[in-house]
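First comes the structure, then the notes that go with it.
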Amino acid sequence: VLTELFATLGRTLDAAIYVGLPDDLIVTDRIPGRLTCRRCQRPFHQKHNLFKECPDARCQGEFLYRREDDTPEHTLTRLIIFHRQTAPVVEYYHKAGNLIIIDGKGAIDQVNNLLAETMQALAKREALRATPQETQEIQALKQEPATLPAEHIDRHGQDMVLLGPPGSGKGTQAQNLCNQFRLKHIA
33 VLTELFATLG RTLDAAIYVG LPDDLIVTDR IPGRLTCRRC QRPFHQKHNL FKECPDARCQ
93 GEFLYRREDD TPEHTLTRLI IFHRQTAPVV EYYHKAGNLI IIDGKGAIDQ VNNLLAETMQ
153 ALAKREALRA TPQETQEIQA LKQEPATLPA EHIDRHGQDM VLLGPPGSGK GTQAQNLCNQ
213 FRLKHIA
């Protein structure tokens, strides 16, 4: 469906980037420390992305909260659903030659550097695509979209999908990429 939307806009998808992260790391490290600002919905983390100051200069951290479902039990359930629902998407983008997998285990800056390098490689048409083995590893984990009006579409930007399990840092990295490359982010 996304491919059809791009076709109606005279565009093609440059990449679907999967931020890979082992489930055990998501359950034991990423999700338990995740915090979100009620005011701006920006993600923070008690260990990996500490709240130091509000990026919008509107608060002092008093709006930070932990989601009620950020428990190991709920996270495991969400991961099962994520893998089940995402496996066909990963397979589709792999077959289309759009899938790129990056390692999401590093620090925020490391993952951001990998994403930035991928973005630059995409611009040069040199980005490495996922191998069949990498795609199969993701597949092994598996146990009507809104459209934008034409006037809201930047015809000169890159178009991609950022995929990854809960807690992999998609929200943080999406915001970083938007700031770094002046992209639009649709969640």
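In this note's numbering, the protein residues as written are 33 to 219.
All residues carry an ideal CB built from backbone N, CA and C; glycine is no exception.
- Here the alpha carbon of Tyr125 sits roughly 7 Å from the alpha carbon of Ala48.
- Only residues of its own chain outside the window of five on either side were considered, and among them His80 have a CB closer than 8 Å to the CB of Ala139, listed in chain order.
- A straight-line Cα-Cα distance of about 17 Å links His115 and Asp102.
- Ile134 is bridged by DSSP to Val51.
- For Asn81, the pairing in a beta bridge is given by DSSP as His77.
- Counting every other CB atom within 10 Å of its CB across the protein chains shown gives Pro120 a total below 16, marking it as exposed.
- DSSP lists no bridge partner for Leu146.
- Membership of Cys69 in the beta strand (DSSP E) is indicated by the continuous run Arg66 to Cys69.
- Take Cys72, set aside five residues on each side of it, and the residues of its chain with a beta-carbon closer than 6 Å to its own are Asp88, in chain order.
- In the DSSP assignment, Val121 falls within the alpha helix (DSSP H) that extends over Pro104 to Lys127.
- Leu37 sits in a helix when the DSSP states are folded into three classes.
- Using a 10 angstroms sphere on the CB of Ile113, the tally of other CB atoms stays under 16, which defines it as exposed.
- Taking C-beta atoms as the reference points, Leu147 and Gln78 fail to come closer than 9 Å.
- Asp141 sits exposed, since fewer than 16 C-beta atoms from the chains shown fall within 10 Å of its C-beta.
- Annotated three-state conformation of Leu160 is coil, per DSSP.
- By the C-beta criterion, the region 52-63 is judged to be in contact with the region 190-202, since at least 3 inter-stretch pairs fall below 8 Å.
- CA-to-CA, the gap between Leu111 and Tyr97 works out to about 21 Å.
- In the three-state reduction of the DSSP assignment, Leu173 falls in the coil class, being assigned neither a helical nor a strand state.
- Scanning its chain for C-beta atoms nearer than 7 Å, with the 5 sequence neighbours on each side dropped, one finds around Thr118 the residues Leu195, in chain order.
- For Leu209, the enclosing alpha helix (DSSP H) begins and ends at Lys202 to Phe213.
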